[in-house]
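Novice: Pasting a structure here, questions to come.
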Amino acid sequence: MFLAKVIVTLKPTVNDPAGLTVADGLQTLGFAGVENVRLGKYLEVRLEGTDKTAAEGQVEAMCQQLLANPVIEEFRFAVEEVS
1 MFLAKVIVTL KPTVNDPAGL TVADGLQTLG FAGVENVRLG KYLEVRLEGT
51 DKTAAEGQVE AMCQQLLANP VIEEFRFAVE EVS
């Protein structure tokens, strides 16, 4: 059994209106040092199997096909064996 921890973020060149809203809110609350906020997604996916390389390949395909939009988002992940 494997656990994949996936982080999906917007590419640096893509506008992030939700991030701007959060940054403005933080500044309004007195966090004056906040210059920029970028929002993203964090996902955990449990996979059955005994081969870590195969699990990593499956997670890569999941990200390319559904979990991330490769046109505007970047992703990274880590796969670890769990009991």
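For the sequence shown, counting from 1, position 65 maps to 65 in the numbering used here; every step adds exactly one.
Note that CB positions come from ideal geometry on N, CA and C, so glycine has one too.
Would you list the residues sitting across from residue 79 in a DSSP beta bridge?
Specialist: The partner list for residue 79 (beta bridge, DSSP) reads 4.
Novice: Let me make sure I understand the geometry here. Which of 29, 50, 10 has the alpha-carbon closest to that of residue 71?
Specialist: Comparing Cα positions, the closest option is 10.
Novice: At which residues does the alpha helix (DSSP H) containing residue 49 begin and terminate?
Specialist: Premise fails: residue 49 is in no alpha helix (DSSP H) and is neither H nor E.
Novice: Terminal residues of the continuous alpha helix (DSSP H) containing residue 25?
Specialist: Residues 17–28.
Novice: Quick check on this structure: which residue in 69, 54, 28, 60 has the alpha carbon closest to the alpha carbon of residue 81?
Specialist: Considering only alpha carbons, the answer is 54.
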